[in-house]
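Written below as structure tokens is the structure these notes are about.
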Amino acid sequence: MKTDQTPAIVERIVNDIDEIVRIVRFEGWQSSIAGEREIQKALRKTLLKYQLHKDTELFVKAYEYIKEYY
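Residue 29 in our numbering is what sits at position 29 of the sequence shown, and the numbering runs on without skipping anything.
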């Protein structure tokens, strides 16, 4: 459901994810099981903060984005 709050919330989530990924990631993390696990854990924690942790599609899209751009 989209509301007037949606863009602000999305922006906050993106900023949180960005912050966490910069801290957690390391060179070559995409090809390391431990690296992928750390990023996924950080992403789940961020989504949980916004009560969006049950949105599997959102998780997958966000993770794919992270994998591609970080």
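Cβ coordinates follow ideal geometry from the N, Cα and C atoms, glycine included.
| said: Assuming Thr46 and Ile17 are in contact, meaning their beta carbons sit under 8 Å apart, how far apart are those beta carbons, in whole angstroms? | reply: Reading the sequence shown from its first residue, position 46 is the one you call residue 46. Reading the sequence shown from its first residue, position 17 is the one you call residue 17. The pair is a contact, with the Cβ atoms about 5 Å apart (cut-off 8 Å).
Measure the Cβ-Cβ separation of Ile79 and Val21 and say whether it is below 8 Å. The chain is shown only over 1 to 70; residue 79 falls outside these bounds and no answer can be derived.
Worksheet item: How close, in whole Å, do the beta carbons of Val14 and Ala42 come, if the pair is a contact with beta carbons under 8 Å?
Response: As a working mapping, residue 14 is identified with position 14 in the sequence shown. As a working mapping, residue 42 is identified with position 42 in the sequence shown. About 14 Å separates the two Cβ atoms, so there is no contact after all.
As assigned by DSSP and simplified to three states, the class of Ser31:
Numbered from 1 along the sequence shown, position 31 holds the residue referred to as residue 31. In the structure shown, Ser31 sits in a helix (DSSP, three-state: H, G or I).
#### Entry: Buried/exposed call for Ala62, threshold 16 Cβ in 10 Å
For this step, residue 62 is matched to residue 62 along the sequence shown. By the neighbour-count criterion, in which 16 or more other beta carbons inside 10 Å mark a residue as buried, Ala62 falls on the buried side.
Determine the burial state of Ile33: buried for a count of at least 16 other Cβ atoms within 10 Å of its Cβ, exposed for fewer.
Here residue 33 refers to the residue found at position 33 when the sequence shown is read from its first residue. Under this definition Ile33 is an exposed residue.
Checklist entry - Can you give the Cα-Cα distance for Lys54 and Phe26, rounded to whole angstroms? => result As a working note, residue 54 is residue 54 in the sequence shown. As a working note, residue 26 is residue 26 in the sequence shown. Spanning the two alpha carbons is a distance of roughly 27 Å.
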